[in-house]
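Just so you know, UniProt numbering puts 550 at position 550 of the sequence shown, and the rest follows in order with no gaps.
Note that the Cβ used here is the ideal one computed from N, Cα and C, for glycine as well.
In this text, all values refer to a predicted model and were calculated from it rather than measured experimentally.
Below: the structure, in C-alpha cells.
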Amino acid sequence: MRVLDACEHELLNWEVMEILDEERKRLEEDKAAVLASSSPSSPGSSEGGGSPRAAVGPVEEEEPSHDKLRMENLFKRLSSYLVDELHTSNLRQDRIPKALDLLNSHGLPHQCSCELLNNTKLCANSDVYVYTAIESVPNVSEETLEGAHNVVKFVLGSDEVREEEMVGPMGLPEDTEDHQAKRPRRTSNRDCLVIDKYITEIMSDVQGQLGDEQLLEEGVLPSDYHQHTLLPTMVVGFILLWALAEGMAYIWYRRRLALRNATPAVIPVVSSEQRDFVFNHVLDLGQYYSDGVWRLLKGWFYPSIAQQDLRQDNLNEMLAWAFCYKDTADLTASEWRWVEKAKGKICDKYGYSPKPGRADLLCWYQVKTVRNTIDPIVSNYHPLSFYCGVYLAKAFGAAILRLRGYHHYSSGRVKYWYRSQPALEETLLDQGESSQEVFVFFHGIGIGLVTYLTMLFKLHQPTQFLFEMPWISMNPLAEVIPDDEYAVDVKMALKDRGVSDTQRVCLAGHSFGSLPVVWIKRHCPDVFDRSRVVLVDPVCIYLNLPDVCLNFLYRKPRRFFMRFLRYIASEELGIACSLHRDFFWMQSVIFPEELPEDTTVFLSEYDHVVPVHDVYTGCQRAGVDTRLLKGIDHGWYLGVPEYLREVTKVLNAQ
C-alpha cells in the first residue's frame, strides 16, 4: 500500500474534518429535535417533569453512543469515498494540458502543477494531490478550493463540468464575485492522531477488499512494491527459521549432554597380563625422575598437594581408576587384591607408603582424582553455523581428494580414502605382491583430513590409505569404534585393496592419529611388525603421565591458541563425549622401547598438550629417531613450510 506523505495527511485530515463537521451538525439537529419533542408546549410550564435542563439530561447521558455512531458513519463514508476514487478509470488525457494552464494561471508553482497532472495514475486515484499543490500557495481561499474541485472533475472526465465552462482561473467563471481569502480549517494535533488511526484502518480495509494486484493496477501501490517487500520478508523469514533451528539444536544439545553424563562408560575387558605389563613399565619409569614415583602420581590429583599430604584412600582411588577404570566402590574382590598388590610394589621399589585416610585441604573440600571416564563431561554449545562451516570444509576436502584420484571406501565400520596407480594394481593382481611401500595415515582431532591436504599432496607413494575417525572430527552423531574393531577393519581394508602380507607399510599419525598405530600393534601385530612408523606430536607415548589428559581436558588454558583449541576441539560435544566416555588410556599407551627401529618421532618445542621433555628424553634413551621442531606449538608444522618439507621427506623415504 502506498504511504501518504505529511502534506497529504494534512489535506486528507482537512477533508475528514469537513465530514466530521457535517456529522456533528446532523447530530445537533437530531438532538434539537429530541429536545423539541420532549419539552412541554408552554415554555413556562413545569408539567411533565421539571425544567428543560432536566429533560435534556437523558440525552446528554447518551453522548458516548453519539460519538460511536459518528465514528461508524465516518468510517463508512471515508471507505466509500476512497474505494470509489480507486475505481476511477475515465481519466481524460486530452484535458490535462488545459488543466495545467488553469493551475498555472492561478499562480500555482509550475513544479506542483506538473507533479499533480503529469502523474496520471495518481490523479485518477485521489484529489488529495490537488490539495497538495494548492497548499503551497499562501492565503488559499474557498474560491480556490472550489476551482480545484472543478479541475479534478474536469481532468477525470466528469459530465458535471464541460470544457467550455473552464475559462476563468481554476475553472471558475470570469464574473465570479470576489470572496475574502480564507484558509481552510486546520486540525489540532489530537485530532490528527485520531484521524490518522482511522485513515490507516480505512486504507487497510481498502487493501483487504481489492488486494495488492488490483492496487498495483490502479496505481495506489508502486510498480516495484513486490520487489521492495519480498526481500525483507525473505530475510525476516530466514532469520526466524534459523532462530527456531538454533533453539531446537540447543535443546537437543542439552538433552544429549545430560544423557551422556547419566550413562556410564562401557568398560573394555582388561586382561591381567595387559594390566601387569602396563603397570610394570609405569613403575620402571619412575627411576628416571629425581622425585621417583611421585612424578607419575602427583598430576592425577587436584588441587595439587604435597607428597607427604597424600593418603591411602586417594592412592586407592587413583589405582582403581587407572588400571581398572572403576571407582573403589565398584571393584571386585580380585581387583581389590590387585590394587593392594600394586601399592605393595610401589612401597617396595620406592619406599613410599601414604598414611591412612583421605587428604583434606579444607574441612569442606576433598582432594579428588582426575578420572576422565567417570568425571562429568565438560562441553560448550557450538551453533549450527559452526557445524555448517565444518560440513562445507569436509565437503571441500572430499572434492579435492576425488580430483586427486582418491576413492572413498569402507571396511566394516571404518571409512577411508584410497588411491593407487594402475600399474601397481596390475602387479598386485598378477604377482600377488609388490616391493612398493603402502602409506597409511591417521588424522588427529579437528575437522578430518582436510587439514592435512597440503601435506598429502607432497607424498610420492603410489598406494595410499587415508583413514577417517568421525567421532573426533566434530560430528556429534558419529559412533565411536572400539580400538580392537578399528585395528581389524584397517587390516581388512589393506587386504581388500590387494596389499600382500609381506608388503611394507608406513604407519603415520598426527596427535590423536598416533593411537590407531598402537591399536594395530596390540591387535594386528603381523601388520605392525612389517611397518615403519612416523609419529608427529604423538599423544600415545607415555600416556600414563597426566599431562595429556590435564592439558587437553582439565587445565585452564593460558594462551590464546590453547583457549581456541579448548573451545573448538575438546569442548565440542562429539569430541568431549568420546574423550570422557570412550577413551581408555591403557588401550592406547605405548612406550618408546616398543617402537620399531625405523621409527621417527617429531615433537613441537612448545607443545601445550604433549609432555615434550619426557617424550623426547624417553625416545632418546630407546634409540628412536626423535626430531624437535623448534619454536612451534601443537600441530603448527602444517603451516611452516620448512617443517612441512622435513616431515614429508621422512614420509616419502622408503
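First through last residue of the beta strand (DSSP E) which encompasses H407 = Unbroken beta strand (DSSP E) run through H407: 407–411.
Alpha-carbon spacing of Y409 relative to L466, whole angstroms = Taking the straight line from one Cα to the other gives about 10 Å.
What residues are listed by DSSP as bridge partners for L599?
-> Note that residue 599 is Thr in the sequence shown, not Leu. Answer by DSSP bridge pairing, in chain order: V533.
Extent of the continuous alpha helix (DSSP H) run through D625 | Careful: D625 lies outside any alpha helix (DSSP H), inside the beta strand (DSSP E) at 625–629.
Could you say which of N316, W252, D501, L285 lies nearest to K368 if we only look at CA atoms?
-> For K368, the nearest C-alpha among the options comes from N316.
Could you spell out the range, first to last residue, of the alpha helix (DSSP H) harbouring Q312?
-> Its alpha helix (DSSP H) spans residues 312–324.
What is the DSSP secondary structure of H382, counted as helix, strand or coil?
-> In this structure, H382 counts as coil in the three-state DSSP scheme.
Leaving out five residues on either side along the sequence, give the residues of the same chain with a beta carbon under 7 Å from the beta carbon of E62.
-> Bear in mind that a pLDDT of 45 at E62, under 50, signals an unreliable position, so the number given afterwards is only what the model happens to contain. Excluding residues within five positions, none has a Cβ falling inside 7 Å.
What residues match up with W417 in a beta bridge as DSSP calls it?
-> For W417, DSSP records a beta bridge to H408, L466.
Would you report the Cα separation of T373 and L573, rounded to the nearest angstrom?
-> Cα to Cα, T373 sits roughly 15 Å from L573.
Nearest-angstrom Cα separation, counted from Q287 out to Y352 = Taking the straight line joining both Cα atoms gives about 13 Å.
Would DSSP call residue 698 helix, strand or coil?
-> The structure shown does not extend to residue 698, since the chain is modelled only from 1 through 654, so no value can be given for it.
Would you decide whether E593 is buried or exposed? Buried here means 16 or more other CB atoms lie within 10 Å of its CB.
-> By the 10 Å Cβ count, E593 comes out exposed.
Residue of I632, L603, R413 minimising C-alpha distance to G618 = Considering only I632, L603, R413, the residue with the shortest C-alpha distance to G618 is L603.
Contact check, V610 vs C506, beta carbons under 9 Å = Here V610 is not near C506, since their CB atoms are 9 Å or more apart.
Anticipated Cβ contact below 8 Å, L543 with W585, distance rounded | Contact holds; Cβ gap of about 5 Å.
To the nearest angstrom, report how far apart N475 and G405 are at their CA atoms.
-> If you take the alpha carbons of N475 and G405, they lie about 25 Å apart.
Put S514 into one of helix, strand or coil per three-state DSSP.
-> In the three-state scheme derived from DSSP, where H, G and I count as helix and E and B as strand, S514 is classed as helix.
Option in L401, H281, P356 with minimal Cα separation from K345 = Nearest in C-alpha terms to K345, of all of L401, H281, P356, is H281.
Whole angstroms is fine: what's the gap from V83's alpha carbon to A32's?
-> Confidence at V83 is low in this model, with a pLDDT of 41, below 50, so the placement of that residue is unreliable and no value is reported for it.
On the premise that I541 lies in contact with V615, defined as a C-beta separation below 8 Å, what is that separation, rounded to the nearest angstrom?
-> Sure, about 5 Å apart at Cβ, within 8 Å.
Cβ-based neighbour list, V548, same chain, cut-off 7 Å, excluding 5 preceding and 5 following | Closer than 7 Å at the Cβ level, and outside the excluded window around V548, lie V539, V609, V610.
Ordered along the chain, which non-local residues of its own chain (more than five positions away) have a Cβ less than 7 Å from that of L459?
-> Taking L459 as the centre and dropping the five residues before and after it, the same chain places the C-beta of F439, T648, L651, N652 closer than 7 Å to its C-beta, in chain order.
How big is the Cα-Cα spacing for E605 and E646?
-> Cα to Cα, the separation comes out at about 15 Å.
Nearest-angstrom Cβ-Cβ length linking Y381 and Y554, presumed shorter than 8 Å = Not confirmed; about 20 Å, so no contact.
Where T451 sits in the DSSP three-state scheme | Judged by DSSP in its simplified three-state form, T451 adopts helix.
For N118, collect the residues of the same chain with a Cβ closer than 7 Å to its Cβ; drop the 5 residues on either side in sequence, then sort them by chain order.
-> Because the pLDDT at N118 is just 47, under 50, the model does not fix this residue reliably, and the value given afterwards should be weighed accordingly. Closer than 7 Å at the Cβ level, and outside the excluded window around N118, lies no residue.
Mind checking which residues open and close the beta strand (DSSP E) that includes F561?
-> Not the beta strand (DSSP E): F561 falls in the alpha helix (DSSP H), residues 560–565.
When the distance is taken between beta carbons, is G412 closer than 9 Å to M492?
-> Result yes, Cβ atoms of M492 and G412 sit closer than 9 Å.
Taking D582 and D607 to be in contact with their CB atoms under 8 Å, please state how far apart those CB atoms are, rounded to whole angstroms.
-> About 24 Å separates the two Cβ atoms, so there is no contact after all.
Determine the contact status of L535 and T599, defining contact as a CB-CB distance below 9 Å.
-> With contacts defined as CB atoms closer than 9 Å, L535 and T599 qualify as a contacting pair.
Where Q503 sits in the DSSP three-state scheme = Note: Q503 maps to coil in three-state DSSP.
By a C-beta neighbour count over all protein chains shown, 10 Å radius and 16 as the cutoff for buried, is M469 buried or exposed?
-> The residue in question, M469, is buried, as its Cβ has 16 or more Cβ neighbours within 10 Å.
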